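Start counting the sequence shown at 47; every next residue gets the next number (the working numbering).
Think of the CB as a built atom: it goes at the ideal place given N, C-alpha and C, for glycine as much as any other residue.
Predicted model only: the values in this text are computed from it and were never measured.
Worksheet: the structure to be examined is printed underneath.
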Amino acid sequence: MVNSLIEQNLVTRQETPQHEATGKIGRPRELLYVNPNKYYTLVLSTGNDCRFLSFLHYGDIKPCFMLKLPNYPHTWDLVQAVNHAIADFCSARQVKRSAFLSQVVVLRASLQQGYDGMVFRDNTLQEVDFKLGQMLTEATAIPTYVCNLAYGHLLGLLAKLPQCDNALVFMAGDGGVGLGFIINKQIMTGPHNCYPECSHLPFPGGFEQALGNYGPHSANALEYGIKILAPIFKFSAIIVSGIALADHEEVIYTVQQRLKIDPNPLMHHFKLSFVPLTNPERFIHFAYLSFDLAIERLNPCIIKRNLQSVLQARYGK
Numbered sequence: 047m048v049n050s051l052i053e054q055n056l057v058t059r060q061e062t063p064q065h066e067a068t069g070k071i072g073r074p075r076e077l078l079y080v081n082p083n084k085y086y087t088l089v090l091s092t093g094n095d096c097r098f099l100s101f102l103h104y105g106d107i108k109p110c111f112m113l114k115l116p117n118y119p120h121t122w123d124l125v126q127a128v129n130h131a132i133a134d135f136c137s138a139r140q141v142k143r144s145a146f147l148s149q150v151v152v153l154r155a156s157l158q159q160g161y162d163g164m165v166f167r168d169n170t171l172q173e174v175d176f177k178l179g180q181m182l183t184e185a186t187a188i189p190t191y192v193c194n195l196a197y198g199h200l201l202g203l204l205a206k207l208p209q210c211d212n213a214l215v216f217m218a219g220d221g222g223v224g225l226g227f228i229i230n231k232q233i234m235t236g237p238h239n240c241y242p243e244c245s246h247l248p249f250p251g252g253f254e255q256a257l258g259n260y261g262p263h264s265a266n267a268l269e270y271g272i273k274i275l276a277p278i279f280k281f282s283a284i285i286v287s288g289i290a291l292a293d294h295e296e297v298i299y300t301v302q303q304r305l306k307i308d309p310n311p312l313m314h315h316f317k318l319s320f321v322p323l324t325n326p327e328r329f330i331h332f333a334y335l336s337f338d339l340a341i342e343r344l345n346p347c348i349i350k351r352n353l354q355s356v357l358q359a360r361y362g363k
């Protein structure tokens, strides 16, 4: 496996000098380093009133270049803007487009996650039922994976809570609510990798409006969501995150006290906690995702050699 990566010039092997200083007998320990400037990945993330296109050296979570794009109302305008930005980057830095291994597009949307998934609706794009990943792949020649903003948030929460096995997660902020099911340390999605939606919950006035912005109905919406969803998989851990309740943790306490005295004894064992996660923390996991997807294109395989070929290479016939 290591030899395969070295042959692709993706990593460099370097011996550690400390081994010689200690006088230990045997083969010196070696470290592997990702070669800079060899490959790139892209993350197109969503903001409140814009999108950010981040160019990443493979293996480096700090963008080497970032471009701010407006929230185009039409899908094709967004696709063209991304394609032109990549072309400009390649021209300015003398980079071949083939050096880009993967692209991750992050949406606040109802969608099927993946390369070929359908976007049913997006918060800013006017079109419905379109395959944005496929459109960007065809336009840019870079395999494009589309996912929900809440998915990266969940990845960040799992990294922050390594002991979390099962949990129902509400990510409230910017007027919307991301929903998450963590079962056996895995993020669950629906058929065809559909990301779960909570906007259709029949809460008076709108579930996302009530919980996605702090207000007089936030506690009622959170309590309602827990009572509807938590018993389905018998969750006991309820995690709340997002900026809407970051300075209003009294909402969490209020709902916890209500559940303790609920007429239904099944509600008494739910344990609520607020776990903050910043935008930079969330971005890191979209960068990691882009690196993981790039591995599929690199396809590192173990190089198998039999003993005879090894001896011939070393000692001759």
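(message) Less than 7 Å between C-beta atoms, sequence neighbours within five positions excluded: which residues of the same chain meet that for K306?
(response) In the sequence shown, the residue the question calls residue 306 occupies position 260. Same-chain partners within the cutoff: H314.
(request) Could you pull the start and end residues of the alpha helix (DSSP H) that P119 belongs to? (result) Residue numbering aside, residue 119 sits at position 73 when the sequence shown is read from its first letter. That residue, P119, is in no alpha helix (DSSP H); it is neither H nor E in DSSP.
(message) Applying the 10 Å Cβ sphere with the 16-neighbour rule, what's the burial state of V174?
(response) Translated into positions along the sequence shown, residue 174 becomes position 128. V174 comes out exposed.
(message) Y86 and V57 - do their beta-carbons sit closer together than 9 Å?
(response) Along the sequence shown, one-based indexing puts residue 57 at 11. Along the sequence shown, one-based indexing puts residue 86 at 40. No, they are not a contact pair.
(request) Take the Cβ of F227 as the centre, count every other Cβ of all protein chains shown within 10 Å, and call the residue buried at 16 or more, exposed below. (result) Stepping through the sequence shown from its first residue, residue 227 is reached at position 181. Under this definition F227 is a buried residue.
(request) In the DSSP assignment, find the unbroken beta strand (DSSP E) run with F101 in it and report its ends. (result) Stepping through the sequence shown from its first residue, residue 101 is reached at position 55. Note, F101: beta strand (DSSP E), 96–103.
(request) Take V150 and list the residues in its own chain whose beta-carbon comes closer than 6 Å to its own, dropping the five residues that flank it on each side. (result) Here residue 150 is taken as the residue at index 104 of the sequence shown, counted from 1. So the qualifying residues of the chain are V89, Y191, F332, L335, S336.
(request) With R149 as the anchor, note down where its beta strand (DSSP E) starts and where it stops. (result) Taking the sequence shown and counting its residues from 1, the one referred to as residue 149 is at position 103. Residue identity check: residue 149 is Gln in the sequence provided, not Arg. That run of the beta strand (DSSP E) goes 146–153.
(request) Name the two residues that bound the continuous alpha helix (DSSP H) containing K273. (result) Taking the sequence shown and counting its residues from 1, one reaches residue 273 at position 227. Looking at the DSSP string, the run of the alpha helix (DSSP H) that includes K273 is 264–275.
(request) Between the Cα of G163 and those of L171, I274, M181, S319, spot the shortest distance and give me the residue it belongs to. (result) By 1-based counting over the sequence shown, the position of residue 163 is 117. Minimum Cα distance to G163 is reached at M181.
(message) Residues in the same chain with beta-carbon distance under 6 Å from D211, minus the five sequence neighbours each way, listed in chain order, please.
(response) Residue 211 sits at position 165 when you count from the first residue of the sequence shown. Closer than 6 Å at Cβ, skipping near neighbours: K231.
(request) Kindly indicate which residue of P119, L318, S264 has the alpha-carbon position closest to the one of I284. (result) Translated into positions along the sequence shown, residue 284 becomes position 238. When each option's Cα is compared against that of I284, the closest is L318.
(message) What does DSSP give as the partner residue(s) for Q232 in the beta ladder?
(response) Residue numbering aside, residue 232 sits at position 186 when the sequence shown is read from its first letter. DSSP, once it has assigned bridges, lists I229 as partnering Q232.
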